[in-house]
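Novice:
2 protein chains.
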Amino acid sequence: MYVVGLILAINFLNSHYQAIHTVTHKFRIHFATMKIALAQLNFLIGDFENNTLKIKNYIRKANDAQADLVVFSELCIPGYPSGDFLEFDHFIQRCQASVQSLAAECQGITAIIGCPVANPNPRGKLLFNAAIVLHDSKIHSVVHKTLLPNYDVFDEHRYFEPNTVFHTIDLPYGRLAITICEDLWSVGDHALYTLVPMGELIKQQPDIIINIAASPFHYRQSGRRREVFSRNAAKYSLPLISVNQVGGQAELLFDGESMVFDSAGRLVGELDRFHEDFKIFDTTQLREVQSKEQPSDAALIHDALVMGIRDYFSKMGFNKSILGLSGGIDSALVLALAAQALGAENVMSLLLPSEFSTQHSMDDALDMLSRLGTPHEVIEIKEPYQSFLSELTPYFSHLPFDITEENLQARIRAVTLMAFANKFGCILLNTSNKSEASVGYGTLYGDMCGGLSVLGDVYKTQVYDLANYINRNKEIIPQNIIRKPPSAELRPNQKDTDSLPEYEILDKILFEYIENSRGPDQIISMGFDYHVVLKVLRMVNINEWKRYQTPPILRVSSKAFGPGRRMPLVTKYLCQ
Amino acid sequence: MYVVGLILAINFLNSHYQAIHTVTHKFRIHFATMKIALAQLNFLIGDFENNTLKIKNYIRKANDAQADLVVFSELCIPGYPSGDFLEFDHFIQRCQASVQSLAAECQGITAIIGCPVANPNPRGKLLFNAAIVLHDSKIHSVVHKTLLPNYDVFDEHRYFEPNTVFHTIDLPYGRLAITICEDLWSVGDHALYTLVPMGELIKQQPDIIINIAASPFHYRQSGRRREVFSRNAAKYSLPLISVNQVGGQAELLFDGESMVFDSAGRLVGELDRFHEDFKIFDTTQLREVQSKEQPSDAALIHDALVMGIRDYFSKMGFNKSILGLSGGIDSALVLALAAQALGAENVMSLLLPSEFSTQHSMDDALDMLSRLGTPHEVIEIKEPYQSFLSELTPYFSHLPFDITEENLQARIRAVTLMAFANKFGCILLNTSNKSEASVGYGTLYGDMCGGLSVLGDVYKTQVYDLANYINRNKEIIPQNIIRKPPSAELRPNQKDTDSLPEYEILDKILFEYIENSRGPDQIISMGFDYHVVLKVLRMVNINEWKRYQTPPILRVSSKAFGPGRRMPLVTKYLCQ
Numbered sequence: 022m023y024v025v026g027l028i029l030a031i032n033f034l035n036s037h038y039q040a041i042h043t044v045t046h047k048f049r050i051h052f053a054t055m056k057i058a059l060a061q062l063n064f065l066i067g068d069f070e071n072n073t074l075k076i077k078n079y080i081r082k083a084n085d086a087q088a089d090l091v092v093f094s095e096l097c098i099p100g101y102p103s104g105d106f107l108e109f110d111h112f113i114q115r116c117q118a119s120v121q122s123l124a125a126e127c128q129g130i131t132a133i134i135g136c137p138v139a140n141p142n143p144r145g146k147l148l149f150n151a152a153i154v155l156h157d158s159k160i161h162s163v164v165h166k167t168l169l170p171n172y173d174v175f176d177e178h179r180y181f182e183p184n185t186v187f188h189t190i191d192l193p194y195g196r197l198a199i200t201i202c203e204d205l206w207s208v209g210d211h212a213l214y215t216l217v218p219m220g221e222l223i224k225q226q227p228d229i230i231i232n233i234a235a236s237p238f239h240y241r242q243s244g245r246r247r248e249v250f251s252r253n254a255a256k257y258s259l260p261l262i263s264v265n266q267v268g269g270q271a272e273l274l275f276d277g278e279s280m281v282f283d284s285a286g287r288l289v290g291e292l293d294r295f296h297e298d299f300k301i302f303d304t305t306q307l308r309e310v311q312s313k314e315q316p317s318d319a320a321l322i323h324d325a326l327v328m329g330i331r332d333y334f335s336k337m338g339f340n341k342s343i344l345g346l347s348g349g350i351d352s353a354l355v356l357a358l359a360a361q362a363l364g365a366e367n368v369m370s371l372l373l374p375s376e377f378s379t380q381h382s383m384d385d386a387l388d389m390l391s392r393l394g395t396p397h398e399v400i401e402i403k404e405p406y407q408s409f410l411s412e413l414t415p416y417f418s419h420l421p422f423d424i425t426e427e428n429l430q431a432r433i434r435a436v437t438l439m440a441f442a443n444k445f446g447c448i449l450l451n452t453s454n455k456s457e458a459s460v461g462y463g464t465l466y467g468d469m470c471g472g473l474s475v476l477g478d479v480y481k482t483q484v485y486d487l488a489n490y491i492n493r494n495k496e497i498i499p500q501n502i503i504r505k506p507p508s509a510e511l512r513p514n515q516k517d518t519d520s521l522p523e524y525e526i527l528d529k530i531l532f533e534y535i536e537n538s539r540g541p542d543q544i545i546s547m548g549f550d551y552h553v554v555l556k557v558l559r560m561v562n563i564n565e566w567k568r569y570q571t572p573p574i575l576r577v578s579s580k581a582f583g584p585g586r587r588m589p590l591v592t593k594y595l596c597q
Numbered sequence: 022m023y024v025v026g027l028i029l030a031i032n033f034l035n036s037h038y039q040a041i042h043t044v045t046h047k048f049r050i051h052f053a054t055m056k057i058a059l060a061q062l063n064f065l066i067g068d069f070e071n072n073t074l075k076i077k078n079y080i081r082k083a084n085d086a087q088a089d090l091v092v093f094s095e096l097c098i099p100g101y102p103s104g105d106f107l108e109f110d111h112f113i114q115r116c117q118a119s120v121q122s123l124a125a126e127c128q129g130i131t132a133i134i135g136c137p138v139a140n141p142n143p144r145g146k147l148l149f150n151a152a153i154v155l156h157d158s159k160i161h162s163v164v165h166k167t168l169l170p171n172y173d174v175f176d177e178h179r180y181f182e183p184n185t186v187f188h189t190i191d192l193p194y195g196r197l198a199i200t201i202c203e204d205l206w207s208v209g210d211h212a213l214y215t216l217v218p219m220g221e222l223i224k225q226q227p228d229i230i231i232n233i234a235a236s237p238f239h240y241r242q243s244g245r246r247r248e249v250f251s252r253n254a255a256k257y258s259l260p261l262i263s264v265n266q267v268g269g270q271a272e273l274l275f276d277g278e279s280m281v282f283d284s285a286g287r288l289v290g291e292l293d294r295f296h297e298d299f300k301i302f303d304t305t306q307l308r309e310v311q312s313k314e315q316p317s318d319a320a321l322i323h324d325a326l327v328m329g330i331r332d333y334f335s336k337m338g339f340n341k342s343i344l345g346l347s348g349g350i351d352s353a354l355v356l357a358l359a360a361q362a363l364g365a366e367n368v369m370s371l372l373l374p375s376e377f378s379t380q381h382s383m384d385d386a387l388d389m390l391s392r393l394g395t396p397h398e399v400i401e402i403k404e405p406y407q408s409f410l411s412e413l414t415p416y417f418s419h420l421p422f423d424i425t426e427e428n429l430q431a432r433i434r435a436v437t438l439m440a441f442a443n444k445f446g447c448i449l450l451n452t453s454n455k456s457e458a459s460v461g462y463g464t465l466y467g468d469m470c471g472g473l474s475v476l477g478d479v480y481k482t483q484v485y486d487l488a489n490y491i492n493r494n495k496e497i498i499p500q501n502i503i504r505k506p507p508s509a510e511l512r513p514n515q516k517d518t519d520s521l522p523e524y525e526i527l528d529k530i531l532f533e534y535i536e537n538s539r540g541p542d543q544i545i546s547m548g549f550d551y552h553v554v555l556k557v558l559r560m561v562n563i564n565e566w567k568r569y570q571t572p573p574i575l576r577v578s579s580k581a582f583g584p585g586r587r588m589p590l591v592t593k594y595l596c597q
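Protein chains in written order, with the working numbering: chain A, 22 to 597; chain B, 22 to 597.
#1: So that I know if they touch, is there some Cβ in chain B lying closer than 7 Å to that of Asp517/A?
#2: Does His46/A have its Cβ less than 7 Å from a Cβ in chain B?
#3: Check this for me: beta carbons of Leu90/A and Thr131/A, under 7 Å apart or not?
#4: Report yes if the CB atom of Val281/A is closer than 7 Å to the CB atom of Ile301/A, and no otherwise.
#5: Classify Cys136/B as helix, strand or coil using the three-state DSSP reduction.
#6: Helix, strand or coil: which one does DSSP assign to Phe532/B?
#7: Phe398/A lies in the beta strand (DSSP E); which residues open and close that run?
#8: Interface residues of chain A around Leu413/B at Cβ under 7 Å?
#9: What is the DSSP secondary structure of Arg115/B, reduced to helix, strand or coil?
#10: If the cut-off is 7 Å on Cβ atoms, which residues from the region 327 to 359 of chain B count as contacting chain A, listed in chain order?
#11: With DSSP run on the structure shown, which of helix, strand or coil describes Glu291/A?
#12: What's the C-alpha gap between Tyr524/A and Thr482/A?
#13: For Tyr214/B, I'd like the list of residues in its chain whose CB is within less than 6 Å of its CB, leaving aside the five on either flank, ordered along the chain.
#14: Return yes when the Cβ of Ser94/A is within less than 7 Å of the Cβ of Gln242/A, no when it is not.
#15: Which bits of chain B does Asp408/A rub up against, with CB to CB less than 7 Å?
#16: For Trp566/B, which residues in chain A fall below 7 Å Cβ to Cβ?
#17: Let me know if Tyr101/B comes out buried or exposed under the rule of 16 or more other beta-carbons within 10 Å of its beta-carbon.
#18: Please list, in chain order, all residues of the same chain as Leu521/B whose beta carbon is under 7 Å from its beta carbon, the five residues on each side excluded.
#19: Can you list, in chain order, the residues of the region 219 to 243 of chain A whose Cβ is nearer than 9 Å to any Cβ on chain B?
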């Protein structure tokens with residue numbers, strides 16, 4: 022039923038597609054001159070009405086500017102990543118209806134849009150990840166993605182059949198080699214794939230390489246992406262145009278940074294980072310540009326997080342946030358980022374002191390609030406804490422104060438924050454950092470609560486870099502907060518280093534284990550202490566169950582906790 | 022570094038493997054007679070020491086019984102699924118060391134074990150999912166998996182390169198066609214794959230088909246599996262032996278049910294369900310057996326859940342559980358299942374009445390506790406509830422009682438349960454059912470808490486079936502609990518049907534949407550009310566953020582919430 026329904030439903034795509042195969046190479050023109058528009062846009066997954074309208078408007082804008090071609094990003098019709106919605110006929114039918122309505126717009130202009138299409142072969146996965154070429158008010162041709170990433174956050178083999186047939190696309194103004202994202206990454210030492218799509222397409226002598234992408238941000242990705250595109254352009258001696266999606270999709274952040282390279286592999290144009298952008302390039306007038314200075318890691322992460330918060334809220338239909346402000350650096354940083362993303366008036370802070378909270382933490386928190394002018398309330402948690410203790414005394418009285426009472430404080434804070442969030446329609450921002458999340462230094466259903474984790478992919482040492490970056494022009498986060506030793510303040514005189522190695526050491530070990538997938542032997546051989554390494558790796562592994570229940574984490578590194586890191590919950594590996 | 026290290030590390034596998042290719046077909050014997058042992062075992066992921074020891078003991082046991090061959094399950098060395106541990110050199114090296122030590126055991130007997138091995142090709146994924154044949158104290162040959170499942174809970178393209186070379190394995194007693202799990206599933210209308218591995222292997226005239234598997238349970242899987250194996254045996258006119266993993270791996274449950282078929286496709290032997298088992302078959306003495314009567318769905322789900330609880334606790338190193346007993350059917354059922362899995366003395370119930378709790382709920386809960394003889398405490402949540410209300414009054418006093426106060430009660434219960442769990446070293450059992458989880462009828466950080474969700478893949482209507490199944494011999498769950506209308510008891514006279522359709526309708530719509538991936542148009546065309554369908558689908562989609570933070574759910578259906586269902590958190594699809 023499913024297969025048949027799907028194939029019938031988008032049969033129109035295949036009939037066009039097969040028809041076009043027979044006319045390929047008909048309009049061959051050498052030394053093409055083209056005016057190409059790059060539309061780098063932010064889509065909401067499954068919002069067919071608005072995604073289609075947005076694309077339509079940019080087709081018109083490009084047409085008005087007399088562009089020959091306007092290029093949109095990978096899977097722009099449904100938005101990327103659409104996940105298992107791709108398994109629904111109804112969802113694919115909605116995609117198809119959007120393509121139909123967009124085709125009608127393409128009079129006097131060509132558009133390349135990203136969309137899933139049916140696989141006509143009765144065997145294999147039901148869909149291809151496709152670039153659809155709209156021209157003369159109809160579907161001119163369809164190109165399927167060849168290299169399907171299936172690592173980290175990517176699951177494309179789950180939905181798509183890989184392409185095995187290679188054809189360039191002839192248009193009146195030139196011959197296009199259309200590739201989809203990963204298709205250009207089979208270069209150099211990136212040896213995941215046995216096929217090289219451009220190695221096939223180049224045989225048909227295209228005039229230009231087009232790449233449509235949904236390539237997510239991490240703070241080292243921008244440089245890699247430039248290098249890959251530049252190498253492709255130079256290797257095949259062809260200009261190259263890449264259009265990437267922009268915007269936050271829950272934890273996945275897309276930086277855009279669409280680019281144009283000349284046939285020597287020189288950067289000749291780039292679009293904005295972290296914002297929608299639209300630019301037109303004439304292939305006869307490509308001049309090398311001085312790339313904007315590459316921002317620092319902290320600057321990139323800062324901009325990514327601000328975009329991530331903003332888009333999570335706006336796409337969820339919320340504008341108000343709440344957080345617990347402790348006087349420590351993590352919540353201070355989240356407050357600053359949220360205020361920038363949502364506006365100061367939309368970030369409510371609750372100060373929730375217990376008997377173990379220090380006066381200096383309160384003072385520091387209040388100092389920061391007065392600088393930002395964001396709303397806040399101070400609510401002591403003493404009374405609920407005492408009421409729980411007296412409720413529990415009959416059962417616990419013979420037992421010493423332990424982690425139970427520490428967790429209790431953190432959970433009472435969470436209950437209070439969630440009561441505010443429920444009553445006033447806010448989303449609670451989680452303030453845990455990646456170092457804590459790694460080693461399980463946090464209370465489940467306590468400080469690990471929240472609708473969105475802002476810093477869950479930012480190590481503690483990077484938290485300091487970000488705080489300093491935020492203070493680059495004026496002191497927003499008080500120096501007191503940055504300077505004092507970190508503490509959860511859940512028992513008297515507690516310091517993070519009571520139970521954890523210094524963050525300078527901890528973060529390096531975590532980075533080697535998490536981002537670089539290095540095992541204990543390799544990390545120890547880098548000069549770290551044997552016992553510390555084993556202890557840290559053990560803490561990471563035995564706390565998988567806690568991370569299983571944490572909020573979505575804005576992804577800024579090459580390996581974030583969440584859907585990109587899939588570890589067994591129950592294991593004995595490195596747990597002893 | 023990574024690639025080179027890995028290839029050097031298990032180079033020994035490849036050299037053996039290539040050597041054996043040259044001697045294939047040397048010992049060809051027709052009409053083979055073999056004595057084959059099936060070892061259906063329960064492994065702990067990454068517990069190399071104990072997994073290896075267990076395999077070693079069963080090799081000896083088979084050898085003592087003069088078996089020619091002993092067969093273990095897919096990826097038994099590291100345990101399945103090992104997830105991203107497969108990306109660690111160190112983890113693969115541990116696998117390799119286990120294989121080496123097991124080879125030494127294989128004197129006078131052959132063993133087939135499942136293990137990841139390096140891909141010698143410098144392009145493509147780094148590993149193959151392999152069956153390793155140990156014989157004459159060394160690695161005799163290696164077979165790679167061809168069809169890599171990458172749907173639902175499966176991610177095999179993430180780690181493995183698919184096999185493209187087909188060779189049978191010659192041993193003194195016969196020629197084996199070794200396949201790995203999915204390799205036999207490319208039959209009939211299951212058209213996910215373009216290759217048919219047995220179609221290649223049959224050309225080499227094998228004497229028997231061996232299938233090693235890690236095929237997880239769901240309540241309709243058993244019948245499908247039998248049919249697939251039977252069809253393969255009959256189609257190729259060969260006896261077929263399948264060995265499946267057994268045991269719970271966090272949410273994934275493996276039922277074992279290893280089987281033997283004769284060359285007419287008749288079942289001639291089967292191993293136990295949900296338990297380790299070991300049996301020896303002589304291929305000259307295969308006689309059709311009457312398969313045990315197929316249990317009811319409720320019986321299968323019951324046994325799977327009991328195994329899942331038992332293994333989650335034992336593999337985590339815990340034996341004590343705690344749960345909140347409300348007097349409703351969900352928590353009553355979890356109590357009964359946990360008592361069976363862990364022993365009555367290891368299941369602590371807390372009764373946590375609020376002002377909205379009814380006396381009959383308390384009475385029913387106490388009635389059940391007296392039948393089971395499990396420990397319990399009664400703790401009123403009135404005092405903490407009042408203390409939160411008085412804490413919040415300054416901010417909420419002008420606003421009406423709403424979902425905030427309902428959630429507050431659920432969260433105070435969770436805080437109390439977690440305090441007990443922390444203080445006494447128990448794991449909190451979550452009692453939410455799949456109907457509630459689907460539509461978001463539950464409080465995040467309240468009744469949605471827990472280390473393990475027992476019923477998160479069991480619809481409410483199935484909860485009743487399970488309760489009746491548990492009562493089949495004597496009344497363990499009081500009829501009062503089964504008969505009364507469901508209520509969360511968070512405000513006066515509340516009933517589930519105040520905000521939800523009748524469960525009989527709700528569950529059918531949910532099943533079509535979740536298990537069958539049917540869209541609104543298809544579900545409505547089945548006769549369900551237009552508005553109800555759209556309301557239910559909307560509720561499912563807008564509550565993805567809640568499910569993101571729920572505990573691991575024991576998987577008993579073909580589509581459970583958790584890693585097998587990957588939906589965008591932020592979407593507009595079917596949300597209006």
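Positions of the beta carbon are idealized from the N, C-alpha and C atoms, including for glycine.
Specialist: On the basis of the data shown:
#1: With 7 Å as the cut-off, Asp517/A does not count as an interface residue toward chain B.
#2: Bear in mind that the predicted position of His46/A carries a pLDDT of just 42, short of 50, making it unreliable; the figure below should be weighed with that in mind. No, because no Cβ of chain B sits closer than 7 Å to the Cβ of His46/A.
#3: Using a Cβ distance threshold of 7 Å, Leu90/A and Thr131/A count as a contacting pair.
#4: A distance of 7 Å or more separates the beta carbons of Val281/A and Ile301/A.
#5: Three-state DSSP puts Cys136/B in a strand.
#6: Of the three classes helix, strand and coil, the one that applies to Phe532/B here is helix, per DSSP.
#7: Position check: residue 398/A holds Glu in this sequence, whereas Phe was assumed. Unbroken beta strand (DSSP E) run through Glu398/A: 397 to 399.
#8: Residues of chain A whose Cβ lies closer than 7 Å to the Cβ of Leu413/B are, in chain order, Ala440.
#9: Looking at Arg115/B - three-state DSSP - the assignment turns out to be helix.
#10: Going along the region 327 to 359 of chain B in chain order, one finds Tyr333, Lys336, Met337 with a Cβ nearer than 7 Å to chain A.
#11: The DSSP-derived three-state label of Glu291/A is strand.
#12: Distance between the alpha carbons of Tyr524/A and Thr482/A is about 7 Å.
#13: In the same chain as Tyr214/B, and ignoring 5 residues on each side of it, the C-beta atoms closer than 6 Å to its own belong to Leu168, Ser207, in chain order.
#14: Cβ distance not < 7 Å, so Gln242/A and Ser94/A don't count as in contact.
#15: Reading the sequence as shown, one finds Ser at residue 408/A and not Asp. Ordered by position in chain B, the residues that pass the 7 Å Cβ test against Ser408/A are Glu404, Pro405, Ser408.
#16: Per Cβ cutoff of 7 Å: Gly472.
#17: Looking at its Cβ environment, which holds 16 or more other Cβ atoms inside 10 Å, Tyr101/B is buried.
#18: Take Leu521/B, set aside five residues on each side of it, and the residues of its chain with a beta-carbon closer than 7 Å to its own are Val460, Tyr462, Leu527, in chain order.
#19: Closer than 9 Å at the C-beta level to chain B, one finds no residue of the region 219 to 243 of chain A.
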